[in-house]
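Comments concern the structure below.
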Amino acid sequence: MYRNPKNIKQEIKLFFFYLVDLGIVAGSVMASVYFAKLMPISPIMKFALYLLAFVMGVWMCVRTPNHPKERNILMLYYLFKMDRNRYHEVEFKRNSRGKIEL
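The opening residue of the sequence shown carries number 1 in the numbering used here; numbering runs sequentially from there.
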């Protein structure tokens, strides 16, 4: 009898990076190379731009403790997609002593 796998959307891991993370970092560095060609800046500033793009790419791949399954790049997407005119109620409950727990 065949058994269905528990997780069919497994992420591929290379060394200490996932393949998606490697793509995000490479994409941010490639975008910085493209923008550096458009702007007339010195080689030192180009290197600083490449370094900043690499650091931002790594930051976008990091997963926060509050959302361990989602990367920061998705958090930025949700931030820009969020409706600012709608009120989102925060649900809470009180414990036996009457203090609020989120």
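For every residue, glycine included, the Cβ atom is placed at its ideal position computed from N, Cα and C.
Test item: CB-CB of Ala53 and Ala31 under 8 Å: Translated into positions along the sequence shown, residue 53 becomes position 53. Translated into positions along the sequence shown, residue 31 becomes position 31. Contact: yes.
Contact the region 21 to 39 vs the region 53 to 64: 3+ CB pairs below 8 Å: In short, these stretches touch, since the Cβ pair count reaches three.
Lys93 (DSSP reduced to helix, strand or coil): Translated into positions along the sequence shown, residue 93 becomes position 93. Lys93: strand per DSSP, three-state reduction.
Whole runs of the alpha helix (DSSP H) within the region 19 to 49, excluding any shorter than 4 residues: Fully enclosed alpha helix (DSSP H) runs of no fewer than 4 residues occupy 19 to 38 of the region 19 to 49, in order along the chain.
Element boundaries [alpha helix (DSSP H), containing Met75]: Within the sequence shown, residue 75 is the residue found at index 75, counting from 1. Per DSSP, the continuous alpha helix (DSSP H) segment holding Met75 begins and ends at Asn72 to Lys81.
Through-space distance from Lys69 to Ile8, alpha-carbon basis: By 1-based counting over the sequence shown, the position of residue 8 is 8. By 1-based counting over the sequence shown, the position of residue 69 is 69. The alpha-carbon atoms of Ile8 and Lys69 are separated by roughly 16 Å.
Rounded separation between Met82 and Met45 - CA only: Numbered from its first residue, the sequence shown carries residue 82 at position 82. Numbered from its first residue, the sequence shown carries residue 45 at position 45. CA-to-CA, the gap between Met82 and Met45 works out to about 34 Å.
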